[in-house]
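Engineer: The structure's right below; bear with me while I get my questions together.
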Amino acid sequence: MWNDFMAQLTPKMWELVATSTWETVYMSFVATLFAVVVGVPLGILTFTSGKGQILSKPSLHRILNVIINIGRSVPFIILLIILLPVTKFIVGTKLGTTAAIVPLSVAAMPFVARLTANAFMEIPVGLTETGKAMGATNWQIIRRFYLPEALPMLVNGITLTLVTLIGYSAMAGIVGGGGLGSLAINYGEYRNMGYVKWLSTIIIVLIVMISQKVGDDLAKKVDHR
1 MWNDFMAQLT
11 PKMWELVATS
21 TWETVYMSFV
31 ATLFAVVVGV
41 PLGILTFTSG
51 KGQILSKPSL
61 HRILNVIINI
71 GRSVPFIILL
81 IILLPVTKFI
91 VGTKLGTTAA
101 IVPLSVAAMP
111 FVARLTANAF
121 MEIPVGLTET
131 GKAMGATNWQ
141 IIRRFYLPEA
151 LPMLVNGITL
161 TLVTLIGYSA
171 MAGIVGGGGL
181 GSLAINYGEY
191 RNMGYVKWLS
201 TIIIVLIVMI
211 SQKVGDDLAK
221 KVDHR
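The sequence shown begins at 1 in the UniProt record's numbering and counts up one residue at a time.
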């Protein structure tokens, strides 16, 4: 059985698998980067604008919470379709690996924002008072006190986001997003090559496991508590 399986994996198929694997990694990591760039500041603003926090603005806090909650509630496959015109406007096409990064990033931004806000909620209240007693500005309190304290949880949150986007990237294959999802659909399903679906699934699981292990190790490394 194993010999039959390997016999079906021609050099051309291995080339397709390698390309699709790279596309999945590319989509997931770049989308995670964009999500972090937008989501982390949004999460910090959501937390610090809460009642009793250093930038207390209850009305802004409520608005941001609504935006984040709505963003997290929209199923990815629906968001993928809704954002097709936006994707075409930004990258010039609705199809392809780069195009898939747009909905992946948008889907992950509110997710990262919520994880960031939750991570900051775990910070001891006394840390704020300590910063103020030392004459630190609000920005200095965030940068020198909040971020170092919340960093392990932020790393875990970013890892969770990456793992989630790896799974979402497979769904992007439905609309020609490329990657292992597209390979599984085009060859495994439409061409009835079942072994391609299994191989794609195994590779995705391996990428997830490696990403999770690296993220867990990094979180432990930056945790100095």
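Cβ atoms here follow ideal geometry from the backbone N, Cα and C, with glycine treated the same way.
Model, not experiment: these values are computed from the prediction.
(1) In or out: residue 59 buried (at least 16 other Cβ within 10 Å) or exposed?
(2) Rounding to the nearest angstrom, what Cα-Cα distance links residue 92 and residue 34 in this structure?
(3) First and last residue of the alpha helix (DSSP H) that includes residue 212?
(4) Check whether the stretch 84-100 and the stretch 125-137 touch, using three or more Cβ-Cβ pairs below 8 Å as the test.
(5) What are the start and end residues of each continuous beta strand (DSSP E) run of 3 or more residues lying completely inside the stretch 15-88, in chain order?
(6) Tell me the residue span of the alpha helix (DSSP H) that contains residue 114.
(7) On the criterion of 16 or more Cβ atoms from any shown chain inside 10 Å, does residue 191 qualify as buried, or is it exposed?
(8) Taking only the alpha-carbon atoms, compute the straight-line gap between residue 217 and residue 163 and give it to the nearest angstrom.
(9) Rounded to the nearest angstrom, what separates residue 199 and residue 208 at their Cα positions?
(10) What are the boundary residues of the alpha helix (DSSP H) that residue 129 is part of?
(11) Check for me: the alpha helix (DSSP H) holding residue 149 runs from which residue to which?
(12) To the nearest angstrom, how far is the alpha carbon of residue 141 from that of residue 128?
(13) Is the distance from the Cβ of residue 165 to the Cβ of residue 204 below 7 Å?
(14) Could you tell me the distance, in whole angstroms, from the CA atom of residue 98 to the CA atom of residue 27?
(15) Let me check understanding here. Comparing Cα to Cα, which of 66, 119, 50 lies closest to residue 148?
(16) By the 10 Å Cβ neighbour count, where 16 or more other Cβ atoms means buried, how is residue 137 classified, buried or exposed?
(17) Which residue wins for smallest C-alpha separation from residue 172, given the options 214, 56, 52, 23?
(18) Distance check for residue 169 and residue 177, CA to CA, integer angstroms please.
(19) If you draw a straight line from the alpha carbon of residue 121 to that of residue 72, how long is it in whole angstroms?
(20) Short of 7 Å in beta carbon distance, which residues of its chain neighbour residue 188, apart from the five on each side in sequence? Order them along the chain.
(21) Determine the extent of the alpha helix (DSSP H) in which residue 179 is found, giving its start and end residues.
Structural biologist: If we stick to the structure as given:
(1) Exposed.
(2) Taking the CA atoms as reference points, residue 92 sits about 18 Å from residue 34.
(3) Run containing residue 212: 194-222, per the alpha helix (DSSP H) assignment.
(4) Too few Cβ pairs lie closer than 8 Å, so no.
(5) If we require 3 residues or more, the stretch 15-88 turns out to have no beta strand (DSSP E) run fully inside it.
(6) Where residue 114 is concerned, the enclosing alpha helix (DSSP H) stretches over 97-121.
(7) The C-beta of residue 191 has fewer than 16 other C-beta atoms within 10 Å across all chains shown, which makes the residue exposed.
(8) Straight-line Cα distance between these residues: approximately 15 Å.
(9) Residue 199 and residue 208: Cα-Cα distance of roughly 14 Å.
(10) Run containing residue 129: 126-133, per the alpha helix (DSSP H) assignment.
(11) First-last of the alpha helix (DSSP H) with residue 149: 147-172.
(12) Going from the Cα of residue 141 to the Cα of residue 128 covers about 7 Å.
(13) Contact: no.
(14) The alpha-carbon atoms of residue 98 and residue 27 are separated by roughly 7 Å.
(15) The shortest Cα separation from residue 148 among 66, 119, 50 belongs to 119.
(16) Counting every other CB atom within 10 Å of its CB across the protein chains shown gives residue 137 a total below 16, marking it as exposed.
(17) The option with the nearest alpha carbon to residue 172 is 23.
(18) Between the C-alpha atoms of residue 177 and residue 169 there is a straight-line separation of about 8 Å.
(19) Cα to Cα, residue 121 sits roughly 19 Å from residue 72.
(20) Scanning its chain for C-beta atoms nearer than 7 Å, with the 5 sequence neighbours on each side dropped, one finds around residue 188 the residues 194, 196, 197, 200, in chain order.
(21) Start and end: 179-183.
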